[in-house]
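Asks: Following my numbering, the numbering of the sequence shown begins with 2 at its first residue and continues without gaps.
Glycine residues also receive a C-beta, built at the ideal position from the N, C-alpha and C atoms.
It should be emphasised that the depicted structure is a prediction, and the values quoted were computed from it without experimental measurement.
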Amino acid sequence: MLKALKQKLKLASVKDVLVTSAGLSAEKDAKISKNSARALKELGYKSYGFKSKQLTTKMLESSDLVLCMTKSHKDWLHGYENVFTVSEFTGL
Numbered sequence: 002m003l004k005a006l007k008q009k010l011k012l013a014s015v016k017d018v019l020v021t022s023a024g025l026s027a028e029k030d031a032k033i034s035k036n037s038a039r040a041l042k043e044l045g046y047k048s049y050g051f052k053s054k055q056l057t058t059k060m061l062e063s064s065d066l067v068l069c070m071t072k073s074h075k076d077w078l079h080g081y082e083n084v085f086t087v088s089e090f091t092g093l
């Protein structure tokens, strides 16, 4: 999904935006789960080369925007004004 977002930003001529992914309970450098890889494949994306990383306070504080997949993820990060769910951000 990161690649898709990066491509959309490029097509829109948006520059100077760093897009990255991190998990709340991710194991550092773990490979993508089989279910996640299968879901991405069904959506037409490749998952090769993926390695997970843990979200850090430094990442939260230095980011302009943090998007969470679910409200429960956002709730874990309460107190940060730059944290939104994808749904909140897109209006979908």
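State the Cα-Cα distance for the pair Val18 and Leu12, rounded to the nearest angstrom.
Replies: Taking the straight line from one Cα to the other gives about 13 Å.
Asks: Are the CB atoms of Leu68 and Phe90 within a distance shorter than 8 Å?
Replies: Contact: yes.
Asks: Return the residue from the list Glu62, Gly50, Lys42 and Met70 that minimises the CA-CA distance to Ser88.
Replies: Nearest of Glu62, Gly50, Lys42 and Met70 to Ser88, Cα basis: Met70.
Asks: In chain order, what residues of the same chain lie with their CB nearer than 6 Å to the CB of Lys7, ignoring the 5 residues before and after it?
Replies: The residues are Val20.
Asks: From the DSSP output, read off the bridge partner residues of Phe85.
Replies: DSSP output for Phe85 lists Leu68 as bridge partner(s).
Asks: Since Glu28 and Ser53 are thought to touch, with beta carbons under 8 Å apart, how far apart are those beta carbons, to the nearest angstrom?
Replies: Right, their Cβ atoms sit about 6 Å apart.
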